[in-house]
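In the working numbering, the protein residues as written are 13 to 460. Glycine is no exception: its CB is placed at the ideal position from the N, C-alpha and C atoms. Computed from a prediction, not measured in an experiment: that's the story for all the values here.
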């Protein structure tokens with residue numbers, strides 16, 4: 013290819029497999045000292061890709077492919093250059109936001125919900141690297157649901173100025189700022205890290221700062237960048253337009269349309285979660301799903317209501333034991349919960365009921381360890397299991413109250429809703445043969 017390539021496709025269409033084969037093919041073309049960098053957003057997926065590449069590549073080819081999630085790459089890159097700041101995820105800044113917002117003194121007619129400031133910070137301040145009031149007064153806020161005039165911006169800026177000052181005082185930086193720092197250092201140093209090609213999985217979860225960094229990692233030349241992704245699976249709300257980040261893919265885009273993983277019945281269930289929502293194609297256009305299908309058939313997903321939590325857990329145990337009796341193993345079964353707290357609670361309950369169970373965390377899964385896999389929903393991205401149980405799919409848990417509350421901004425609420433629905437879509441589409449959805453009490457509106 014004569015430049016960056018984008019491959020999109022629904023869940024189960026083989027995007028990651030395509031990316032792995034691409035990485036191996038590129039590795040075979042390399043000169044001595046050159047490498048292929050394979051980036052993902054998700055830690056679990058990076059571990060699984062590194063493990064799966066062992067079946068596709070020789071030891072020499074493997075030595076030329078580096079697989080890592082992008083946050084880990086940024087931390088390692090900056091640490092090697094004596095970058096002194098402590099990097100923080102947005103979720104780690106909640107206490108600081110509480111302090112900063114508590115002492116802000118906006119006039120009564122300027123009061124906005126706390127969520128507005130956090131969204132403005134992530135969508136406008138960080139991607140545009142805004143450090144001063146004048147920059148904020150001029151920056152485009154296209155895509156934000158709350159319109160602001162110049163006077164309002166001037167007042168609101170005080171909050172962001174305080175936030176910047178507090179982070180600087182504590183020696184903290186966001187990962188978004190750190191990515192742009194890394195991009196600048198690469199530009200200053202020139203080509204010293206040995207990467208000839210970059211292959212990117214989960215492109216839909218890479219924000220504008222990440223895409224700008226990736227664009228700077230290798231010079232614009234033949235076969236430089238290869239991206240795979242699916243806007244239907246954007247679970248982290250990091251929306252970016254590739255063209256605006258310097259990645260020009262016009263004429264070099266393909267779409268995968270056949271789901272090789274799930275049955276058509278499961279595919280339809282997973283797709284129905286997103287019915288009526290507009291999904292982007294990672295470059296500012298729309299990506300429809302009416303040309304996406306599965307070739308295999310199977311049973312319809314089962315929806316199992318229970319009155320009490322203990323009944324639900326007992327029902328899952330009974331179902332899982334039946335699978336074990338039929339197949340002789342539980343390693344192909346995964347029970348998925350919306351939160352880590354619920355994951356731990358159900359995991360303990362399964363163990364107490366005499367089931368072998370394994371917490372699915374950051375590392376690659378060791379299939380030699382017996383037992384059902386128990387995971388929170390964000391940890392199953394990019395994985396697949398013959399049998400999936402989506403548990404505790406009840407009202408107030410899915411969608412998660414904290415994830416979809418606290419905003420009056422219609423654009424913000426729409427993005428929150430899309431991320432929650434995308435998460436359920438991702439989980440349902442991990443199932444190869446059977447999907448069971450359970451809850452106790454009132455069912456989630458998504459199930460209804």
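Status (buried if at least 16 other CB within 10 Å, exposed otherwise) for residue i
i: residue 307; result: exposed
i: residue 85; result: buried
i: residue 382; result: exposed
i: residue 424; result: buried
i: residue 27; result: buried
i: residue 231; result: exposed
i: residue 440; result: buried
i: residue 438; result: buried
i: residue 378; result: exposed
i: residue 72; result: exposed
i: residue 293; result: buried
i: residue 284; result: exposed
i: residue 224; result: buried
i: residue 358; result: buried
i: residue 234; result: exposed
i: residue 177; result: exposed
i: residue 250; result: buried
i: residue 427; result: buried
i: residue 193; result: buried
i: residue 245; result: buried
Residue i in three-state terms, based on DSSP
i: residue 342; result: coil
i: residue 85; result: helix
i: residue 95; result: coil
i: residue 209; result: strand
i: residue 446; result: strand
i: residue 259; result: coil
i: residue 66; result: coil
i: residue 384; result: strand
i: residue 127; result: helix
i: residue 413; result: coil
i: residue 78; result: strand
i: residue 394; result: coil
i: residue 169; result: helix
i: residue 333; result: helix
i: residue 241; result: strand
i: residue 369; result: strand
i: residue 266; result: strand
i: residue 406; result: strand
i: residue 138; result: coil
i: residue 286; result: coil
i: residue 90; result: helix
i: residue 160; result: coil
Whole-number beta carbon distance between residue j and residue i, since they are thought to touch under 8 Å
i: residue 208; j: residue 47; result: 7 Å
i: residue 396; j: residue 415; result: Going by Cβ atoms, the distance from residue 396 to residue 415 rounds to 25 Å, so no, they are not a contact pair.
i: residue 452; j: residue 331; result: Going by Cβ atoms, the distance from residue 452 to residue 331 rounds to 15 Å, so no, they are not a contact pair.
Alpha helix (DSSP H) segment containing residue i, residue limits
i: residue 422; result: 422-440
i: residue 33; result: 27-40
i: residue 227; result: 220-229
i: residue 353; result: 352-364
i: residue 71; result: 71-74
i: residue 454; result: Where residue 454 is concerned, there is no enclosing alpha helix (DSSP H), given that its DSSP letter is neither H nor E.
i: residue 294; result: Counting along the chain, residue 294 falls outside any alpha helix (DSSP H), and DSSP gives it neither H nor E.
i: residue 148; result: 145-150
Residue i: first and last residue of the uninterrupted beta strand (DSSP E) it sits in
i: residue 402; result: 397-402
i: residue 272; result: 270-275
i: residue 109; result: Taken as a continuous stretch (DSSP letters only), residue 109 belongs to no beta strand (DSSP E), being part of the alpha helix (DSSP H) at 106-114.
i: residue 462; result: There is no way to answer for residue 462, as the model of the chain reaches only from 13 to 460.
i: residue 186; result: 184-186
i: residue 18; result: 17-21
i: residue 47; result: 47-52
i: residue 307; result: 305-308
Any non-hydrogen atom of the ligand PLP closer than 6 Å to residue i Cβ
i: residue 260; result: No copy of the ligand PLP occurs in the structure displayed, which carries no ligand at all.
Min CB distance residue i to chain B below 7 Å
i: residue 237; result: The displayed structure is made up of one protein chain only, and chain B is not part of it.
Practice task
Specify whether the segment 442-453 and the segment 389-408 touch according to this definition: at least 3 beta carbon pairs, one from each stretch, less than 8 Å apart.
Solution key: yes
Problem - Cβ contact (3+ pairs, closer than 8 Å) linking the segment 207-225 and the segment 48-57 - result: yes
Practice task
Specify whether the segment 127-147 and the segment 74-94 touch according to this definition: at least 3 beta carbon pairs, one from each stretch, less than 8 Å apart.
Solution key: With a cut-off of 8 Å, the segment 74-94 and the segment 127-147 do not count as touching, because too few Cβ pairs lie within range.
Exercise for the section: Would you check if there are 3 or more beta carbon pairs closer than 8 Å linking the segment 160-169 to the segment 97-109? Expected result: Contact between the segment 160-169 and the segment 97-109 is absent, because fewer than three Cβ pairs lie under 8 Å.
Exercise for the section: Check whether the segment 341-353 touches the segment 310-320, taking contact to mean three or more Cβ pairs, one atom from each stretch, closer than 8 Å. Expected result: no
Handout entry: the segment 35-44 touching the segment 267-280, judged by at least three CB pairs closer than 8 Å
Key = no
Exercise for the section: Tell me, please, whether the segment 188-195 touches the segment 218-228 by the rule of three or more beta-carbon pairs shorter than 8 Å. Expected result: As far as the Cβ criterion goes, the segment 188-195 touches the segment 218-228, which means the pair count is three or higher.
Handout entry: Three CB pairs or more closer than 8 Å across the segment 335-344 and the segment 289-305
Key = no
Exercise for the section: Report yes or no: do three or more beta-carbon pairs, one from the segment 53-68 and one from the segment 151-161, lie closer than 8 Å? Expected result: no
Exercise for the section: Mind the definition here: the segment 261-278 touches the segment 15-27 only if three or more C-beta pairs lie below 8 Å; say whether that holds. Expected result: Yes: the two stretches touch, three or more of their Cβ pairs being nearer than 8 Å.
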